[in-house]
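Participant:
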Amino acid sequence: GAGVSQSPRYKVAKRGQDVALRCDPISGHVSLFWYQQALGQGPEFLTYFQNEAQLDKSGLPSDRFFAERPEGSVSTLKIQRTQQEDSAVYLCASRLDRGIINEQFFGPGTRLTVL
Amino acid sequence: KQEVTQIPAALSVPEGENLVLNCSFTDSAIYNLQWFRQDPGKGLTSLLLIQSSQREQTSGRLNASLDKSSGRSTLYIAASQPGDSATYLCAVNRDDKIIFGKGTRLHILP
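Those sequence lines, one after another, are chains V and B.
Using our numbering, you'd call the opening residue of the first sequence number 1021 and step up by one each time.
Using our numbering, you'd call the opening residue of the second sequence number 7 and step up by one each time.
#1: Would you call Gly-109/B buried or exposed, if buried means 16 or more other Cβ atoms sit within 10 Å of its Cβ?
#2: Suppose you measure from the CA of Arg-1042/V to the CA of Ser-1027/V; what does that come to, to the nearest Å?
#3: Work out the CA separation of Gln-40/B and Leu-95/B for me, nearest whole Å.
#4: Could you give the distance in angstroms between the alpha-carbon of Val-1134/V and the alpha-carbon of Ala-1058/V?
#5: Between the segment 1083 to 1111 of chain V and chain B, which residues of the former have a C-beta closer than 8 Å to a C-beta of the latter?
#6: Residues in the same chain with beta-carbon distance under 6 Å from Lys-1098/V, minus the five sequence neighbours each way, listed in chain order, please.
#7: If the cut is a Cβ gap below 8 Å, which residues of chain V does Ser-52/B touch?
#8: Give me the Cα-Cα distance between Glu-1064/V and Gly-107/B, rounded to the nearest whole angstrom.
#9: To the nearest angstrom, how far is the alpha carbon of Ser-58/B from that of Gly-77/B?
#10: So, Thr-80/B versus Ala-92/B, is the Cβ gap smaller than 8 Å?
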């Protein structure tokens, strides 16, 4: 079956541009997570949805970052007025939320480069 | 605040050797601990997940242990191969967030 998919895989933006990153979770997965991975670092939590509800956005670094999941499936992470420090790999993960083992399954990520 | 530390940051060993990667975490109240593999420019591949009630998990040449009370985990790789070269990330799961270490960059010398 299909895993988590993300698009685009690579994005180059000029400083000040807005970008939108898409995540398609595994079908039927209830929860969806976004992480940011800077070069040479481990991924860091950004935000978390359960169905369409955004339950935790404590990791979003500034109000330029906005995430949505309006129908409880596909999610979009939007970054407004991009800055060079936003350059990173953005990882999406989804979780079934049934059963004993609550494992998050990760997509391949979107590598964002801000010039 | 949960912090995850991985030692060493980088490791090079000759092919065929057994090796151990270390992970420590500051808050023992976790749901589970997970080891991931990440190849350059790629996403995360889950290797092993240990529930908080478990002590270890094995998959092929990989064995991961968990000592929750001391806040430590190890990933043991037996008979290393050049294809094992990658970054290995340790991560703990609590409160619906996964907290990652910075990883160990492993290079297996042919």
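Idealized CB from N, CA, C, for every residue including glycine.
Facilitator: Once the coordinates are examined:
#1: buried
#2: 5 Å
#3: 8 Å
#4: 13 Å
#5: Leu-1111
#6: Ala-1040 and Phe-1086
#7: Glu-1123, Phe-1125 and Phe-1126
#8: 9 Å
#9: 11 Å
#10: no
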